[in-house]
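Quick notes on the structure that follows.
There are 2 protein chains.
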Amino acid sequence: MPSPRRALFHPLLDHLRPGRHWLPLLNWLPGYHRHLFLADFGASLIVAALLIPQAIAYALLAGLPPQTGLYASTLPLLAYALFGSAMTQSVGPTALTSMMTASALAPIAARGEDPIAAALLLALLSGAMLIACGLLRLGRITQLLSHPVVSGFTSGTAILIALGQLGPLLQLPLSGNLVPALLGGLWRALPQVSAAALSFGLLALAAFALGSELLPGLLRRLGVPPRHAGWAGRLAPLPILAALAVYATYAPGNPTLVGPLPTAALVLEWPSFTPDEVATLWLPALLLGLVGFLQSITISQSLALARGETVSPDQELIALGAANIAAGVAGALPVSGGFARTAVNANAGARTPLSGVLAAGWVLLVAAWLSPLLQALPRAALAATIILASLKLIDLRLLLATWRYDKRDAAALLATLLVTLCFGALPGIGSGVLLSLALFIHRVSQPQVVVVGRLPGTEHFRNIERFPVQTWPGLLLLRVDESLYFGNAQAVQLRVAELLARHPDTRDAVLILSGVASIDFSAAEALAQLDHGLAKRGVTLYLAELKVPLRQALVGSGLLDPLLERTFLSAQHAVLGLAGWRGER
Amino acid sequence: MPSPRRALFHPLLDHLRPGRHWLPLLNWLPGYHRHLFLADFGASLIVAALLIPQAIAYALLAGLPPQTGLYASTLPLLAYALFGSAMTQSVGPTALTSMMTASALAPIAARGEDPIAAALLLALLSGAMLIACGLLRLGRITQLLSHPVVSGFTSGTAILIALGQLGPLLQLPLSGNLVPALLGGLWRALPQVSAAALSFGLLALAAFALGSELLPGLLRRLGVPPRHAGWAGRLAPLPILAALAVYATYAPGNPTLVGPLPTAALVLEWPSFTPDEVATLWLPALLLGLVGFLQSITISQSLALARGETVSPDQELIALGAANIAAGVAGALPVSGGFARTAVNANAGARTPLSGVLAAGWVLLVAAWLSPLLQALPRAALAATIILASLKLIDLRLLLATWRYDKRDAAALLATLLVTLCFGALPGIGSGVLLSLALFIHRVSQPQVVVVGRLPGTEHFRNIERFPVQTWPGLLLLRVDESLYFGNAQAVQLRVAELLARHPDTRDAVLILSGVASIDFSAAEALAQLDHGLAKRGVTLYLAELKVPLRQALVGSGLLDPLLERTFLSAQHAVLGLAGWRGER
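Below, the structure written as structure tokens:
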């Protein structure tokens, strides 16, 4: 009988067993029961209420007609439910992918070609490449992104989105999607803003801000149970949108509406495309897919960790790929897991991906029967919802935290943020990756080598500069605090020479390798050189705490043969062996 | 009074005191005396005997007239002596830089422009950029190259040079400088080789091989002192060249000679160039300079280490830069420190860069008074010297050594070698750098986390799979063997979860951070997440052996506040604290 504790840890291990997850649906569907369904059903209502206005808003943000967003909220959710391993992921159009779609389609639209066909191709290509990455087990690729870089990129994109939505909010003709163009356009267009547009925009912003942010707190203070107050906050946007739609018909200046929607609730068709279009779009599609994947995996892993579940990155690549291929077939723009929406889905009690399937059903019903309502939505109101959602993604707290912890991490965050603002999403994330790798290489290229001594009465060895420790004349104990490789081998040599010069009476020097997990070929050669060089100066080099696998590799290679005979199991053994016989234990 | 040992270590510390070396000449010239001069004088004769034929041969290898090589062996040596910090470096034309010059000039020559003017500009640009790198203190940039990558690159280039010299050796018209073109050309041209050319080429190869490689051993066996036998081997090429030159005038098929040299022994002139030429040549110049620097610093550092001296990489950048600017002004091709020649200089007893200045004097004298002799040298004989020198650079021993030590290092070596052979020097070294960085990132992205226990009767903790150690029920001791950063934070989380699943009775888990020298922001967050996640499963996380600077940074940031209160000084303290109170010490 497995112990209950083993069962608890079970899910964390799942990703380590390839094969189990190939159709994660089979993990949860057989055990599905009424309680789970009720939870998923409730969550699906909340998510649909959020998803429908988002779908239209993000389609407009991508420069596409509203139905491409609605279609993106149907079939892709079904595909994700089949293949996805994250239980509460809410797939669909997101601000980030829509924004990247807009930049990918800009050259296509400039050539006068059909942006909708290109968007479908973008989704198809992106899906195919995500599936390929998943089959190649490249899910761990996101580890190349540090949290500060991801945060800088997210905040930068959020600022770009919020700035860009000032155009529809104030009914101004803004173009461009980078900070210089946006600010310039805003500066020129601002004098033309009409009082009517300004007041409608501010009204919409205030209504959503009050409804979503302040209403729950107010209700709680009035004695409403916190759970109900939370639901009220999540559902509040619906009546606010309806009220703004009604108000817009009477408002001065006739705010722009979403306008006509096609009568078909969903059209399935394999999109046609030329090799030329594939050549233009494959790279943006790959990057869009990876950024969408990064967004999905970040939120779903953090939720899974809190719930004791596990998300398989490779399986998520396949699931998001399937969702995007479904988007391409359903005439929709590219999709990914949404940050805020997934959190809402989890908070609303969703337990399985069936919640997403049900939400897709609601979207289909609304698109089929309530499309007149959707057509009457004022664009400025949708822009207000996007702006408020974007502002929540701007994470100043993290900037402060990284600044306090490590200025270099904060610099990586700021650089990613600024490059994203001025040059766009792809240069931003690219420079962030390069910068954080460079910082890491820089950090490990200057390893600490410290002189240690023994804490009196113990067998513990500590830095002589920080602890009152015992040392022995003629014996220098040096602790190396980093794996050795070509990039730091030379620095270690020089540092040892420097420390020996500070301790000129040294006859025996011991390198304590407790912090050395690997030694590459160049570093092994450098150790041999160091041994040779010190011997010429009358100093004998010893090793201590060399890890067993390293010792085995070194013995097999013959690289350090004379030095390996001078290896002690531990620093304590070295002291006993080297200072001990002098009667100085 | 400084102890004698301190004085011994002194030179190793020099590079750590910026400023001392800005004109290294001042370090050795004031103390210069007769004995040093005699040593330098002797070495200069040997080096000049090697340098003069090399100068002509490498100029021809670069596709330039012979005087560009002779000029490169005059003024640049003086400039290096002024600024260089390596005592036995022999600067001048080298096979590697001449080969890179040939590829840099190929497009210029194809456009019908003057290759000599372009070569001077190449040297000037390369010099200016090396000086800039030196002033920016970028000397440590070569640390990005692992020894296997450098070896693969050197061997690849040596093979290319040797193959290319089969053309002049056999008096065949070979073109191209990459393996596919060279082998194809050889295949087509080989039927045309004349018996006379073949026999002359083989004779030259045999003569140099016997003279340089076998003569010293033969002489030693005949009772000649090893020192003199070595000198004979080093000077042997001169009579052999002379004999081949005489023989060539009578040989059938009239072997091609070096031909006319200008009457001026040296011409100083600032080269003229256009912005267009600078735009074409700056990148090849930068790469040529850096590869030349790499070659120089590798040989001079390994010689300096053996002699207890130090070479400052930044100073070497400046000195090589000055030498290349001198080359540009003196009408010469780009220069660097030569591998073999520097070793010969050191072996011949050189003590200071004055040896180079004297060698430059010999070159000037020979060029002024003995140019008829130089003109009569057969090209095939020079090609034979280049081939023999190149073959010595091919390091199969290192390939075998890396293969035995670590297959990944061997793969990096082979990939660099193959890319160099098929696509040239620059793609070769570029792919080598990227590959070795990728290997390193891969290595540290999968850190070891092992379960440890205490060696009975000691305070030492070792891997439970390798040592017979003591463990305690409910207490899991985990040692993390790598610095933590964004790239491995997630892997550590998963690995800890896996190990906990294998030890389901765990109530207390201790992370022993003895191998963790740094924790970046993302990793600190991951630790906090891990603590949180384990707490939910009823497991309390503790830390041990957290290094003091890391603790300070973490305390300041507040990132790990609750966890930091559960930190033990050492694994032993953790056991005493967590297992001790249960009476299980």
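The listed protein sequences derive, respectively, from chains A and B. The numbering of the first sequence is the UniProt record's numbering, which starts it at 1 and goes up by one. The numbering of the second sequence is the UniProt record's numbering, which starts it at 1 and goes up by one. Just so you know, even glycine gets a beta-carbon here, dropped at the ideal spot from N, CA and C. Every value quoted in this text rests on a predicted model; they were computed, and no experiment measured them.
Asked, Found
"CB contact below 8 Å: Leu8(B) versus chain A", "Since pLDDT at Leu8(B) reaches only 34, below the 50 mark, its modelled position is unreliable, and the value read off the structure follows with that caveat. Output row for Leu8(B): interface = yes."
"Cα-Cα separation between Pro353(A) and Asp481(A), rounded to whole angstroms", "46 Å"
"Ranges of the alpha helix (DSSP H) found wholly within the region 153 to 239 of chain B, counting only runs of at least 4", "179 to 189, 195 to 208, 215 to 221, 226 to 235"
"Residues bridged to Tyr542(A) (per DSSP)", "Val510(A)"
"Neighbourhood of Leu261(B) by C-beta distance below 7 Å, restricted to the same chain and skipping five residues each side", "Pro66, Gln67, Ser371, Leu374, Gln375"
"Backbone CA spacing between Ala401(B) and Asn488(A) [nearest angstrom]", "21 Å"
"Exposure label - Ala524(B); buried when at least 16 CB within 10 Å", "buried"
"CB-CB length for Ser103(A) against Gly424(A), believed under 8 Å", "6 Å"
"At least 3 beta-carbon pairs within less than 8 Å: the region 125 to 144 of chain B vs the region 338 to 358 of chain B", "no"
"Where the beta strand (DSSP E) through Gly42(B) begins and ends", "Not the beta strand (DSSP E): Gly42(B) falls in the alpha helix (DSSP H), residues 34 to 61."
"Gly201(B) to Ala232(B) span [Cα, whole Å]", "23 Å"
"Below-8 Å beta-carbon distance, Ala553(B) vs any chain A residue", "yes"
"Chain A within 8 Å of Ala528(B), Cβ atoms only", "no"
"For Gln192(A) and Ala380(A), believed in contact at Cβ under 8 Å, the rounded distance", "Actually they are not in contact, since the Cβ atoms of Ala380(A) and Gln192(A) sit about 15 Å apart, beyond 8 Å."
"Contacting positions in the region 398 to 416 of chain A - beta carbon closer than 7 Å to chain B", "Ala401, Thr402, Arg404, Tyr405, Asp406, Asp409"
"Within chain A, partners of Val329(B) - CB distance below 9 Å", "Under the 9 Å cutoff, chain A gives no residues; its nearest Cβ is about 33 Å from Val329(B)."
"Alpha-carbon spacing of Thr458(B) relative to Asp561(A), whole angstroms", "28 Å"
"Option nearest Arg351(B) by Cα separation, candidates Ile441(B), Gln89(B), Phe83(B)", "Gln89(B)"
"Any chain A beta carbon closer than 8 Å to Gly134(B)", "no"
"Rounded straight-line distance, which links the Cα of Leu550(A) to that of Ser518(A)", "7 Å"
"Beta-carbon contacts of Gly84(B) that lie in its chain and below 6 Å, excluding the five residues immediately before and after", "Ala319, Pro353"
"Nonlocal neighbours in the same chain, by C-beta distance under 6 Å from Asn254(A), ignoring five residues either side", "none"
"Gly577(A) at chain B interface by Cβ criterion, 8 Å", "no"
"Beta-carbon neighbours of Val452(B), restricted to chain A and to distances below 8 Å", "The contacting residues do not exist; Val452(B) stays about 11 Å from chain A at best."
"N-terminal and C-terminal residue of the beta strand (DSSP E) that Phe521(B) is part of", "Element bounds for Phe521(B): not the beta strand (DSSP E) but the alpha helix (DSSP H), 521 to 536."
"Top-ranked residue by Cα proximity to Ser445(B), from Leu418(B), Gly432(B), Tyr485(B), Ala410(B)", "Tyr485(B)"
"7 Å Cβ cut-off: residues of chain A touching Tyr542(B)", "The contacting residues do not exist; Tyr542(B) stays about 17 Å from chain A at best."
"Per DSSP, cross-strand counterpart(s) of Ser336(A)", "Gly92(A)"
"Closer than 8 Å to chain B by CB, Asp481(A)", "yes"
"C-beta neighbour in chain B for Phe440(A), strict 8 Å", "yes"
"Three-state secondary structure assigned by DSSP to Phe568(B)", "strand"
"Three-state secondary structure (DSSP) of Phe293(B)", "helix"
"Candidates Leu23(A), Leu578(A), Ala81(A), Val91(A), of which the one nearest Leu50(A) by Cα", "Val91(A)"
"Beta-carbon proximity of Val469(A) to Arg462(A), cut-off 8 Å", "yes"
"Min CB distance Ser570(B) to chain A below 8 Å", "yes"
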